[in-house]
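Participant:
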Amino acid sequence: MILTDINMPEMDGIEMTHLIRKHLHSDGHGHRVDSKCTIWAVTAMNEHEIEQEVDPVNGLDGASIKPLHVEKLQMILNHAKVSWVAPPKSPT
Numbered sequence: 002m003i004l005t006d007i008n009m010p011e012m013d014g015i016e017m018t019h020l021i022r023k024h025l026h027s028d029g030h031g032h033r034v035d036s037k038c039t040i041w042a043v044t045a046m047n048e049h050e051i052e053q054e055v056d057p058v059n060g061l062d063g064a065s066i067k068p069l070h071v072e073k074l075q076m077i078l079n080h081a082k083v084s085w086v087a088p089p090k091s092p093t
């Protein structure tokens with residue numbers, strides 16, 4: 002599971018996702034492998050902009066608007082089938 006931002010200074014999250022997908026689908030010897038890694042963008046974009054960016058063609062599995070709260074992170078991890086338990090809330 003990879004969390005990325007869409008807007009990064011050196012390489013945007015879409016370009017990074019393409020490179021990761023290309024790497025995951027090759028064993029380095031010209032053979033394709035079927036390795037699936039969930040890549041989820043966390044961004045300051047609005048919902049309309051996200052709908053334009055998150056497309057199966059660009060390789061992202063989904064996107065969420067910042068800030069990312071624990072409940073939303075748990076939903077993303079469930080989507081990716083990653084086990085994770087939120088830390089207990091500290092008494093206030």
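Residue numbers (our numbering): 2 to 93.
Even for Gly, the Cβ is constructed at its ideal location relative to N, Cα and C.
Bear in mind the structure is a predicted one, so any value in this text is a computation, not a measurement.
1. Once you ignore the five residues that flank D13 on each side, which residues in its own chain have a CB closer than 7 Å to its CB?
2. Looking at the strands, I want to know which residues DSSP matches up with G63.
3. According to DSSP, is I15 helix, strand or coil?
4. What separation, rounded to the nearest whole angstrom, lies between the Cα atoms of I15 and L4?
5. Please report the distance separating the alpha-carbon of I66 from that of L74.
6. Opposite L4 in the DSSP bridges: which residues?
Facilitator: Concretely, from the data shown:
1. Along the sequence shown, read from residue 1 onward, the residue named residue 13 stands at position 12. I7.
2. Here the question's residue 63 lines up with position 62 in the sequence shown. Paired residue(s): W41.
3. Translated into positions along the sequence shown, residue 15 becomes position 14. Here I15 sits in helix by DSSP.
4. Start at 1 with the first residue of the sequence shown, and residue 15 comes out as number 14. Start at 1 with the first residue of the sequence shown, and residue 4 comes out as number 3. Roughly 12 Å between the two C-alpha positions.
5. Counting from 1 along the sequence shown, the entry for residue 66 is found at position 65. Counting from 1 along the sequence shown, the entry for residue 74 is found at position 73. Going from the Cα of I66 to the Cα of L74 covers about 11 Å.
6. Here residue 4 refers to the residue found at position 3 when the sequence shown is read from its first residue. Paired residues: W41.
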